[in-house]
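Below is one structure, written out as C-alpha cells; the observations come after it.
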Amino acid sequence: MRHLRTHTGERPFECSYCSKRFTQKTSLTTHLRIHTGEKPFQCGVCSRSFTQSGSLTEHLRLHRGERPYVCSHCGRPFSHKGHLTEHVRRHTGERPYKCTTCNKTFARNGLLKKH
1 MRHLRTHTGE RPFECSYCSK RFTQKTSLTT HLRIHTGEKP FQCGVCSRSF TQSGSLTEHL
61 RLHRGERPYV CSHCGRPFSH KGHLTEHVRR HTGERPYKCT TCNKTFARNG LLKKH
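Per UniProt numbering, the very first residue in the sequence shown carries number 1; after that it's consecutive.
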C-alpha cells in the first residue's frame, strides 16, 4: 500500500505545523523534527546530534577517517556523498538549480536560496 501511494499521489499524513503532506508516517515523523528541534541520534565521540540515523552514520565517517566517495574526474575522496556530488559539478559545470524569476542557475541549492 505504501509503495502504491508513490504512484497515486496520495499523501494521507499531514504535518500539524505547516500542512505539508507525506505518503508515509515515518516521513512525517522525520519531518516533524524540523519543527520540534528533536535530534534523537547523538554521536558518542563529540556529542553532536542529528535528526536522522543516516546523518549520524555519515558523521561517524569523519571520526573514523573514512572517505568512501571518490571523484572519478580527479580522485579526491569525500566522506559524504552529497559533498562528492557538489564537487563533481565543478568538473562538469552542471547547475541544476534555477531561479524562477531571473533564470540564473546554481550548482548548489543553498546558493539559489541565498540568491
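All C-beta atoms, glycine included, are put in the ideal place defined by N, C-alpha and C. All of these numbers come straight from a predicted model, not from anything done at the bench.
**Report entry** Rounded distance between the beta-carbons of serine 55 and arginine 67, thought under 8 Å
**Finding:** About 17 Å separates the two Cβ atoms, so there is no contact after all.
Query raised in the report: Can the beta-carbon of phenylalanine 22 be found closer than 9 Å to that of arginine 11?
Result: When the beta-carbon positions are compared, phenylalanine 22 and arginine 11 come within less than 9 Å of each other.
Query raised in the report: Can you pull the DSSP bridge partners for tyrosine 69?
Result: The beta-bridge partner set that DSSP reports for tyrosine 69 consists of Phe78.
Query - Selected residue, minimal CA-CA separation from phenylalanine 13, among Thr105, Gln24 and Thr92 - result: Comparing Cα-Cα distances from phenylalanine 13 to each of Thr105, Gln24 and Thr92, the minimum goes to Gln24.
Requested in this report: Please name the residue in Gln42, Gly110, Ser53 and Gly44 whose C-alpha comes closest to that of threonine 26.
Outcome: Nearest of Gln42, Gly110, Ser53 and Gly44 to threonine 26, Cα basis: Ser53.
Query raised in the report: What separation, rounded to the nearest whole angstrom, lies between the Cα atoms of asparagine 109 and valine 88?
Result: Each residue's CA atom was taken as its position, placing asparagine 109 and valine 88 some 15 Å apart.
**Report entry** Run of the alpha helix (DSSP H) containing histidine 59, from where it starts to where it stops
**Finding:** Counted as a single uninterrupted DSSP element, the alpha helix (DSSP H) harbouring histidine 59 occupies residues 53 to 64.
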